[in-house]
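Quick note on the working numbering: the sequence shown kicks off at 285 and runs consecutively.
We treat Cβ as the ideally placed atom computed from N, Cα and C, and that holds for glycine.
If you're wondering where the values come from, they're calculated on a predicted model, not measured in any experiment.
One structure is given here, and the rest of the page talks about it.
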Amino acid sequence: MEKGAKLLGHHIHPMLIVFPLGLLSTAFIFDIAFAATTRGTFAYLAYWLIPAGLIGGIVAALFGWIDWLAIPSGTRAKSIGLIHGTVNAGVLLIFFGSWWLRPNSQTNPGLAPFVLSIAGALLALLGGWLGGELVERLGIGVHKGANPNAPSSLRSDSAFATANERQDHEAETH
């Protein structure tokens, strides 16, 4: 898939997903730490990590939507991409609910926000697996000439084509 939002030859969406994934999963870990210790610092940190993860998730989703629009219609990838985006939108909504139900950043968040945090983290695993299915199984976002010896994406496509032709020629002669 050559279309979509790119920066320096790479799709932007996969570059951005590390932020919401890292921030929201860390908030979940701090929720568990708070439940285990009742130390208010953990609740405070989880409270502030969630909105940061939500903002990152919205930005990543915008670029994911641009990439999804570039997937050919009627393909399994288009369907999986829609499910992937829907699941991850659900993750954001669940974590937003967890954040909204916390009375403030320095008190016990209570049971409902904790349960939502667990649900959001589990759903994020499914969303991540679906993203992996898109890339690793269906080849979405993978350059058509990707191989273990492909040149840097910072090189021009003509240099990339020349390197692939050279590799194809070497494979034929051996």
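In this structure V375 is buried. Its beta-carbon is surrounded by 16 or more other beta-carbon atoms within 10 angstroms. In the DSSP secondary-structure assignment, L291 is bridged to H294. In this structure, the beta-carbon distance from S437 to L300 does not fall below 8 Å. In this structure R386 is buried. Its beta-carbon is surrounded by 16 or more other beta-carbon atoms within 10 angstroms.
Comparing alpha-carbon positions, the option among A327, A336, H368 lying closest to P298 turns out to be H368.
Per DSSP, reduced to three states, the secondary structure at I402 is helical. The Cβ-Cβ distance between L400 and G381 falls below 8 Å. For L377, the enclosing alpha helix (DSSP H) covers residues 360 to 384. Closest in alpha carbon position to A311, among R439, N433, I402, is I402.
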